[in-house]
Amino acid sequence: QKEVEQNSGPLSVPEGAIASLNCTYSDRVSQSFFWYRQYSGKSPELIMSIYSNGDKEDGRFTAQLNKASQYVSLLIRDSQPSDSATYLCAVNIRARNTGGFKTIFGAGTRLFVKA
Amino acid sequence: DTGVSQDPRHKITKRGQNVTFRCDPISEHNRLYWYRQTLGQGPEFLTYFQNEAQLEKSRLLSDRFSAERPKGSFSTLEIQRTEQGDSAMYLCASSPPAGSNTEAFFGQGTRLTVV
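Those protein sequence lines, which keep their order, are chains Z and U.
Sequential numbering of the first sequence, starting at -16, is according to my numbering.
Sequential numbering of the second sequence, starting at 67, is according to my numbering.
What follows is the structure, encoded as structure tokens:
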């Protein structure tokens, strides 16, 4: 089982619709979860972080976390063509032998928003 | 200090040559990560440092790869005897010292092409 799993997509939604992106993770003790957006040829850009069960809203973005199900999602409301990008889920996973945590990424979901 | 800085941005090298990349993290960040990313994939964890200590190195990383962070500030990633399969984007990220609830911020990456 991969440490962080995402559906690679592509996910295509019409402009103005809600885009729903999902992610599962393997380490039950993970406490920190992140969503990054990556445009083609650019480096990942942090858009949301979430640490507690439930929802966290920031503008058109809502992150949802369910630690019992080891599941985290990102909702994008009123999707715009400029939201077209790859969305990367990242989780802090226990590092081997050190007791610390390292940030591990999923493969990303490609989102296309059609005008 | 406006962010994570990586140098060079692009590197073209012949197979068999050694290359070295540099990363300057955000100044107050004590954790530094190296990732490799190929087309259509998420960032793959290579290694990370907390201050000058290298806490973990990916099992997938061959002995041709080595990273250092001698004074706990900038870091270098060296690839010896490069192979065509090493062609990728090499991303550096840093995060602040705050337990496991930390967000990693990326540099613009070094794109390596091995010919």
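We put the beta carbon where it would ideally sit given N, CA and C, even for glycine.
One question on the structure: do F84 (chain Z) and L48 (chain Z) come within less than 8 Å of each other, judged by their Cβ atoms?
no
What are the residues that DSSP puts in a beta bridge with G37 (chain Z)?
As DSSP reads the structure, G37 (chain Z) sits in a beta bridge with Z:L48.
Which class does D73 (chain U) belong to by DSSP, given the choice of helix, strand or coil?
Here DSSP, grouped into helix, strand and coil, assigns D73 (chain U) to strand.
Start and end residues, beta strand (DSSP E) containing F140 (chain U):
Here F140 (chain U) belongs to no beta strand (DSSP E), and DSSP marks it neither H nor E.
Identified DSSP bridge partners for I145 (chain U)
According to the DSSP secondary-structure assignment, I145 (chain U) is paired through a beta bridge with U:V85, U:F131.
Decide if G82 (chain U) is buried, meaning its Cβ has at least 16 other Cβ atoms within 10 Å, or exposed.
exposed
For the beta strand (DSSP E) containing K85 (chain Z), name the first residue and the last one.
84 to 88
Near-chain Z residues of the segment 95 to 127 of chain U - C-beta to any C-beta below 7 Å
Y99, Q107, G108, P109, F111, Y114, Q116, L121, E122
Within chain Z, the residues that F171 (chain U) reaches when beta carbons sit closer than 7 Å:
L29
Taking the CB atoms as reference points, tell me whether F171 (chain U) and L29 (chain Z) lie closer together than 8 Å.
yes
Backbone secondary structure at Q107 (chain U) - three-state DSSP:
coil
Name, going along the chain, the residues of the segment 10 to 42 of chain Z whose beta-carbon falls closer than 7 Å to a beta-carbon of chain A.
Absence of chain A from the displayed structure is noted, the protein chains being Z and U.
Contact belief for S161 (chain U) with E149 (chain U) at Cβ below 8 Å, rounded distance in angstroms
No, S161 (chain U) and E149 (chain U) are not in contact; Cβ-Cβ is about 30 Å, not under 8 Å.
Under 8 Å between beta-carbons, which chain Z residues line up against T176 (chain U)? List them in chain order, please.
Here the premise fails: no neighbours, minimum Cβ distance about 10 Å.
What is the DSSP secondary structure of D48 (chain U), counted as helix, strand or coil?
Residue 48 (chain U) lies beyond the stretch modelled for chain U, which goes from 67 to 181, so this question has no answer here.
Of all Cβ atoms in chain Z, is any one closer than 8 Å to the Cβ of L143 (chain U)?
no
Counting only Cβ pairs nearer than 7 Å, list the residues of chain U close to A46 (chain Z).
Chain U residues near A46 (chain Z): none, gap ~13 Å exceeds 7 Å.
Which value, in whole angstroms, describes the spacing of the CA atoms of V96 (chain Z) and A0 (chain Z)?
9 Å
Neighbourhood of D152 (chain U) by C-beta, 7 Å cutoff - its chain only, sequence neighbours within 5 removed
I145, L178, V180
Would you be able to state if there are at least three C-beta pairs under 8 Å between the segment 19 to 34 of chain Z and the segment 71 to 79 of chain Z?
yes
Below 8 Å, can you find three or more Cβ-Cβ pairs linking the segment 79 to 97 of chain U to the segment 30 to 47 of chain Z?
no
Let me know the secondary structure DSSP gives S161 (chain U) once reduced to three states.
strand
If you check the beta carbons only, do D66 (chain Z) and I76 (chain Z) fall under 8 Å apart?
Between D66 (chain Z) and I76 (chain Z), the C-beta spacing is not below 8 Å.
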